[in-house]
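Chemist: Can you keep this structure in mind? I'll have questions shortly.
In the numbering used here, the protein residues as written are -8 to 156.
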């Protein structure tokens, strides 16, 4: 398996549409399989364009099939930890097309994210995950993330997870 990681920019309509399609298909799957009602409507394409301006949005292309199979977003935030200002990465919209899930794409993406963050001097990676998504929680735990808390959202509760690099 050969994969390519590409950062996406808001003016690249074709690739923004690819991100939209991956998130849409994953959202529909999570709505059907896990009852996540906030995925009844797709994440708006305008929001993806805005994310491309404010965050770093990536697509992962399977070079063997010439198709995009995964997307994620990284947001870099400055935080004060023990009186030191540090940069923390936050992973958002981590999504793999359901028909290729379980083939190691998520693991490769996490390895890429960790290397990318280390190269930027980031020491902590944060994310949140639906508290009923056992598979995703275990995926992140296997990669060294720990649950640091929880918070309610409009429709459900998410666990806050963190990994120190």
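Virtual Cβ for every residue (Gly too), placed ideally from N, Cα, C.
Considering Cα atoms alone, identify which of 24, 2, 59 and 67 is closest to residue 114.
Modeler: Nearest C-alpha to residue 114: 67.
Chemist: Between which two residues does the beta strand (DSSP E) containing residue 52 stretch?
Modeler: First-last of the beta strand (DSSP E) with residue 52: 47 to 53.
Chemist: Grab me the residues of residue 91's own chain with a C-beta within less than 6 Å of its C-beta, minus the 5 sequence neighbours each way, in chain order.
Modeler: These residues qualify, in order along the chain: 60.
Chemist: Can you tell me which residues form a DSSP beta bridge with residue 118?
Modeler: 152, per the DSSP bridge assignment.
Chemist: Pick helix, strand or coil for residue 123, following the three-state DSSP scheme.
Modeler: In this structure, residue 123 counts as coil in the three-state DSSP scheme.
Chemist: Ends of the alpha helix (DSSP H) at residue 8?
Modeler: From DSSP, the alpha helix (DSSP H) with residue 8 extends over 4 to 25.
Chemist: Once DSSP output is grouped into helix, strand and coil, what is the label at residue 93?
Modeler: In this structure, residue 93 counts as coil in the three-state DSSP scheme.
Chemist: Where residue 127 and residue 107 are concerned, what is the direct C-alpha to C-alpha distance, given to the nearest angstrom?
Modeler: So the two alpha carbons sit approximately 21 Å from each other.
Chemist: Which two residues bound the contiguous beta strand (DSSP E) that contains residue 72?
Modeler: Its beta strand (DSSP E) spans residues 58 to 72.
Chemist: State the DSSP-derived secondary structure class of residue -7, mapped to helix, strand or coil.
Modeler: Note: residue -7 maps to coil in three-state DSSP.
Chemist: Let me make sure I understand the geometry here. Which of 112, 110, 111 and 86 has the alpha-carbon closest to that of residue 100?
Modeler: Among 112, 110, 111 and 86, the Cα nearest to that of residue 100 is on 86.
Chemist: Look at the alpha carbon of residue 45 and the alpha carbon of residue 56, and state the distance between them as a whole number of angstroms.
Modeler: One C-alpha to the other measures close to 30 Å.
Chemist: Decide if the region 67 to 77 is in contact with the region 133 to 151; the criterion is three or more beta carbon pairs, one per stretch, under 8 Å apart.
Modeler: No: fewer than three Cβ pairs fall under 8 Å.
Chemist: What are the boundary residues of the beta strand (DSSP E) that residue 85 is part of?
Modeler: Residue 85 -> beta strand (DSSP E) spans 75 to 87.
Chemist: In the DSSP assignment, find the beta strand (DSSP E) that holds residue 139 and state where it starts and stops.
Modeler: It spans 137 to 143 - the beta strand (DSSP E) in which residue 139 sits, taken as one unbroken run.
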